[in-house]
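**Q** This is the structure, below, for whatever I ask next.
Number of protein chains: 2
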Amino acid sequence: MARIVSFAYMSLQLRTIRVDMSPSQLPAKSKTEAAPIAQFQRIRSSRAFDEIAAQIRTELSSGRLAVGNRLPSERALSEQFGVSRNTLREALRSLEHAGLIRLQKGARGGAFISQHSDEAIATGLMDMYHVGTIQPAQLTEARIWLESVVVREACRRATAADIDMLNRNIDEAQEARRRGDFAGRAERHIEFHRMLARLTDNPIMVIVMNGVLDVLTHFVQRIGEYDNSFVLPSRRRFMEHFAAGEADAAVAEMEACLKRLQRSYMSRIQAAEGVSATKAAPRGRRSPPAAQR
Amino acid sequence: MARIVSFAYMSLQLRTIRVDMSPSQLPAKSKTEAAPIAQFQRIRSSRAFDEIAAQIRTELSSGRLAVGNRLPSERALSEQFGVSRNTLREALRSLEHAGLIRLQKGARGGAFISQHSDEAIATGLMDMYHVGTIQPAQLTEARIWLESVVVREACRRATAADIDMLNRNIDEAQEARRRGDFAGRAERHIEFHRMLARLTDNPIMVIVMNGVLDVLTHFVQRIGEYDNSFVLPSRRRFMEHFAAGEADAAVAEMEACLKRLQRSYMSRIQAAEGVSATKAAPRGRRSPPAAQR
DNA sequence: CCTTCAGTTTGGTCCTACCATTCTACTTTT
DNA sequence: AAAAGTAGAATGGTAGGACCAAACTGAAGG
Chain F
686 MARIVSFAYM SLQLRTIRVD MSPSQLPAKS KTEAAPIAQF QRIRSSRAFD EIAAQIRTEL
746 SSGRLAVGNR LPSERALSEQ FGVSRNTLRE ALRSLEHAGL IRLQKGARGG AFISQHSDEA
806 IATGLMDMYH VGTIQPAQLT EARIWLESVV VREACRRATA ADIDMLNRNI DEAQEARRRG
866 DFAGRAERHI EFHRMLARLT DNPIMVIVMN GVLDVLTHFV QRIGEYDNSF VLPSRRRFME
926 HFAAGEADAA VAEMEACLKR LQRSYMSRIQ AAEGVSATKA APRGRRSPPA AQR
Chain D
686 MARIVSFAYM SLQLRTIRVD MSPSQLPAKS KTEAAPIAQF QRIRSSRAFD EIAAQIRTEL
746 SSGRLAVGNR LPSERALSEQ FGVSRNTLRE ALRSLEHAGL IRLQKGARGG AFISQHSDEA
806 IATGLMDMYH VGTIQPAQLT EARIWLESVV VREACRRATA ADIDMLNRNI DEAQEARRRG
866 DFAGRAERHI EFHRMLARLT DNPIMVIVMN GVLDVLTHFV QRIGEYDNSF VLPSRRRFME
926 HFAAGEADAA VAEMEACLKR LQRSYMSRIQ AAEGVSATKA APRGRRSPPA AQR
């Protein structure tokens with residue numbers, strides 16, 4: 686009676702992957718159609734699972750697969766595509782890593798089209814930081830730039846309820862600080878920035894800021910605790926301007942606070958790290974390697 | 686003699702993955718140590734390949750694995766980790782998708798630590814657009830915001846050579862337009878923005894802008910050609926301010942141009958698409974689903 | 001009605017085998 | 001002796017089978 690079928694089952698029409706590389710088959714078709722084709726489609730990968738992932742992506746962007754839909758089981762899919770279950774799983778792994786699908790075990794399990802490919806971007810940034818493509822200084826720098834945009838836009842859009850929410854966050858941070866809960870305080874501070882990003886109502890800003898803040902959190906944890914007694918008063922001043930709709934003043938206050946934090950970080954990392962801080966630092970002034978395009 | 690060993694071979698000390706789920710083994714250790722541990726480490730995944738990927742990531746961030754290093758072969762790795770080659774491949778697939786490693790066939794092939802995890806973020810944004818998490822309006826909106834930051838910073842840092850490069854790009858675009866090469870002109874225009882992003886010398890801005898521009902290119906291709914005769918004159922005016930170091934004026938010029946383009950896009954998408962444009966549009970005003978955090 | 005337990009579906013893992021590609025080293029030819 | 005060709009080995013990519021644990025289904029039993 687009250688059974689809710691929350692996920693529709695999608696019966697897909699998928700092209701069978703044919704990768705058979707036996708060279709005897711390809712030229713056997715026709716010898717007369719060697720016409721000069723203007724533009725060849727670059728063959729990339731030649732790997733079956735790449736093509737499978739691409740096909741599912743196509744289905745998804747075309748709207749034939751929507752969020753919440755359930756793909757057929759691995760066994761069924763592998764049969765549809767004409768590949769082994771092994772190969773199919775590698776394709777699913779790729780899609781899962783991208784955050785497009787969510788794998789669920791059990792009888793009614795399977796691969797479900799998922800909403801948030803949020804995590805992929807965050808881990809991407811995190812990886813770049815770990816590899817050394819993103820230096821700490823560049824991280825805090827970009828954070829300040831982005832934050833100014835976020836604050837300006839959030840200030841334009843914030844409702845009274847939003848301002849209450851932000852003030853409540855500051856209260857909680859203060860409370861956490863009072864009882865010596867440094868981890869809780871740091872968490873509130875980060876959450877404050879995430880809230881601001883959400884107020885822009887723009888998923889790109891939300892995602893990017895989330896990713897940057899993730900990396901920043903990791904970075905801060907690495908260099909240890911720091912003096913930040915100036916943050917809470919700054920927050921209060923910030924909220925005064927913010928609530929009054931004075932975007933420029935709010936941005937200035939936030940920027941001053943962040944720049945002071947940045948100086949704190951930088952001096953700390955130079956002191957504490959020594960050698961390891963310059964791990965992958967030396968690189969050409971312009972056009973970092975990650976930017977060839 | 687002159688044999689260059691371009692890739693060092695890393696002999697890794699990797700912890701063996703033990704996933705054996707036989708429950709008889711776990712409690713057999715000790716019955717007295719059921720002490721109340723303060724903070725449990727959240728067990729996530731319980732999937733072997735996730736742990737493998739995490740371990741390799743750890744090796745990478747610790748510096749024991751550097752860019753260009755070659756991981757052992759799949760067969761060797763699977764033995765080191767104590768998992769099947771199948772499982773190991775799924776882990777490698779995940780890392781490859783993240784852009785951390787590059788797989789190469791052949792005798793001296795293997796998994797090489799790669800530099801740019803640039804692509805992962807771009808495809809992540811693209812996926813979000815395809816799924817409908819990012820709406821066209823939000824895309825152009827974020828683009829304008831980001832561009833203002835980029836222009837301001839690029840203006841601060843640009844050298845004479847950089848300005849020459851930008852001017853050359855405009856010349857090429859004009860030349861392409863004159864001979865009716867609309868694709869070439871569009872490409873130059875996009876490249877102009879990528880150049881500006883690179884001038885910030887901040888990989889985060891470069892990556893994010895690249896991703897946004899990728900999605901935007903895809904979006905523009907979908908809605909077809911558009912009137913943009915105003916772009917080139919705007920570029921010239923922009924460069925005047927830019928070369929003079931007048932950041933505010935340059936930002937204003939660029940913003941005006943982009944906003945005009947945005948209006949053109951929006952009117953076009955409403956006219957041409959009709960139904961399909963509102964595919965996944967209705968959603969709560971605030972806090973989009975991708976932003977739960 | 002609720003609980004319990006067997007059965008089914010499905011993802012996660014393992015194993016073995018084979019193929020195509022790429023490089024190395026040896027052999028053959030010029 | 002130099003060049004060309006060839007066999008072999010190493011390595012990623014694919015196949016197809018098998019089993020396990022988790023999660024759901026539904027019937028049996030309280």
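The listed protein sequences correspond, in order, to chains F and D. In terms of our numbering, the first sequence opens at residue 686 and continues consecutively. In terms of our numbering, the second sequence opens at residue 686 and continues consecutively. Idealized CB from N, CA, C, for every residue including glycine.
(1) Starting from D/E826, find everything on chain F with Cβ-Cβ shorter than 7 Å and list it in chain order.
(2) Could you pull out every unbroken alpha helix (DSSP H) segment of at least 4 residues lying fully inside the segment 857-905 of chain F, listed in chain order?
(3) Rounded to a whole number of angstroms, what is the C-alpha to C-alpha distance between D/Q906 and D/R742?
(4) Identify whether D/I954 lies in helix, strand or coil by the three-state DSSP scheme.
(5) Alpha carbon to alpha carbon, what distance is there between F/S769 and D/L831?
(6) With a CB to CB cut of under 8 Å and the five nearest residues on each side skipped, what residues in its chain are close to F/Y950?
(7) Using the DSSP secondary-structure output, state which residues sit across from D/I798 in a beta bridge.
(8) Should the segment 860-873 of chain F be called in touch with the segment 807-814 of chain D, which here means at least 3 C-beta pairs below 8 Å?
(9) Give me the Cβ distance between F/E938 and F/R922, rounded to the nearest whole Å; I'm assuming they're in contact under 8 Å.
(10) Pick helix, strand or coil for F/R749, following the three-state DSSP scheme.
(11) May I ask you to list, following chain order, the residues of the segment 744-759 of chain F that have a beta carbon less than 7 Å from some beta carbon of chain D?
(12) Given a threshold of 16 other Cβ atoms within 10 Å of its Cβ, counted over all protein chains shown, does F/P708 qualify as buried or as exposed?
(13) How is F/R793 classed by DSSP in three states: helix, strand or coil?
(14) Put F/R853 into one of helix, strand or coil per three-state DSSP.
(15) Determine, using beta carbons only, whether D/S909 comes closer than 7 Å to chain F.
(16) Closer than 7 Å, Cβ to any Cβ of chain D: which residues of the segment 869-887 of chain F, in chain order?
(17) Which residues in the same chain have their Cβ closer than 7 Å to the Cβ of D/K944, if we skip the five residues on either side of it in sequence?
(18) Taking DSSP's pairing of strands, which residues face D/R921 in a bridge?
(19) Which residues in chain D have a C-beta closer than 7 Å to the C-beta of F/G809? List them in chain order.
(20) I need the straight-line Cα distance from D/E764 to D/I737, nearest angstrom please.
(21) If you run the structure through DSSP and keep just helix, strand and coil, what is F/S763?
(22) Whole angstroms is fine: what's the gap from D/C942's alpha carbon to D/R920's?
(23) Leaving out the 5 sequence neighbours to the left and right, which residues in its chain are closer than 7 Å to D/D847 when beta-carbon positions are compared?
(24) With DSSP collapsed to three states, give me the class of F/G809.
(25) Take the Cβ of F/D803 as the centre, count every other Cβ of all protein chains shown within 10 Å, and call the residue buried at 16 or more, exposed below.
(26) Relative to the alpha-carbon of D/L785, which residue among D/S799, D/A776 and D/E775 has its alpha-carbon at the smallest distance?
(27) Tell me, please, whether the CB atom of D/V936 is closer than 7 Å to any CB atom in chain F?
(28) Rounded to the nearest angstrom, what separates D/R853 and D/V891 at their Cα positions?
(29) I want to verify the contact list: residues of chain F whose CB lies under 8 Å from the CB of D/M890, in sequence order.
(30) Leaving out the 5 sequence neighbours to the left and right, which residues in its chain are closer than 7 Å to F/A928 when beta-carbon positions are compared?
(31) Using the Cα positions of D/D933 and F/G794, report the straight-line distance between them to the nearest angstrom.
(32) Tell me which same chain residues have a C-beta within less than 7 Å of the C-beta of D/P721, skipping the five on either side of it?
(33) F/E775 to F/V836, Cα distance in whole Å?
(34) Contact criterion: CB-CB distance below 7 Å. Does D/E925 meet it with respect to chain F?
(35) Output yes or no for whether 7 Å exceeds the beta carbon distance between D/T818 and F/P888.
(36) What does the alpha-carbon distance come out to for the pair F/G896 and D/P757?
**A** Concretely, from the data shown:
(1) In chain order: N887.
(2) Taken in chain order, the complete alpha helix (DSSP H) segments of 4 residues or longer contained in the segment 857-905 of chain F are 867-884.
(3) Going by the C-alpha atoms only, they are around 37 Å apart.
(4) Helix.
(5) Take the alpha-carbon of D/L831 and the one of F/S769: they are about 44 Å apart.
(6) Excluding positions up to five away in sequence, the list reads P821, T825, F904, V905, I908 and Y911.
(7) DSSP lists D/I786 as partners of D/I798.
(8) Short answer: they don't touch.
(9) For a cut-off of 8 Å, the C-beta gap from F/E938 to F/R922 is around 5 Å, short enough to register as a contact.
(10) Correct three-state label for F/R749: coil.
(11) Of all residues in the segment 744-759 of chain F, L745, S746, G748 and V752 have a Cβ within less than 7 Å of some Cβ in chain D.
(12) In this prediction, F/P708 has a pLDDT of 35, which is less than 50 and means its spatial position is unreliable; nothing more can be read from the coordinates.
(13) It is coil, neither helix nor strand.
(14) It is helical.
(15) The sequence shown places Gly at residue 909 of chain D, rather than the Ser named in the question. Cβ-Cβ to chain F under 7 Å: no for D/G909.
(16) Taking a C-beta cut-off of 7 Å against chain D, the contacting residues of the segment 869-887 of chain F are R879, R883, D886 and N887, listed in chain order.
(17) If we look at D/K944 and ignore the five residues flanking it on each side, its Cβ neighbours are I829.
(18) Within the DSSP secondary-structure output, D/R921 pairs in no beta bridge.
(19) The answer, in chain order, is A783, S802, A805, I806 and G809.
(20) Each residue's Cα considered, the two are about 12 Å apart.
(21) DSSP places F/S763 in helix when its eight states are reduced to three.
(22) Straight through space, the alpha carbons of D/R920 and D/C942 are spaced by roughly 9 Å.
(23) Taken in chain order, the residues that qualify are L884.
(24) The DSSP-derived three-state label of F/G809 is helix.
(25) By the neighbour-count rule (16 or more Cβ atoms within 10 Å), F/D803 is buried.
(26) Nearest to D/L785 by C-alpha distance, out of D/S799, D/A776 and D/E775, is D/S799.
(27) Cβ-Cβ to chain F under 7 Å: no for D/V936.
(28) Cα to Cα, the separation comes out at about 20 Å.
(29) Within 8 Å Cβ-Cβ: A827 and W830.
(30) Here the set comprises I848.
(31) D/D933 and F/G794 have their C-alpha atoms spaced approximately 55 Å apart.
(32) Confidence in D/P721 is poor, its pLDDT being 30 and thus under 50, which makes the residue's placement unreliable; the coordinate value appears in the next sentence. Within the same chain, D/P721 has no close Cβ partners at all.
(33) Linking F/E775 to F/V836 through their CA atoms gives a straight-line distance of about 42 Å.
(34) Taking CB atoms only, D/E925 has no neighbour in chain F less than 7 Å away.
(35) Contact: yes.
(36) Spanning the two alpha carbons is a distance of roughly 31 Å.
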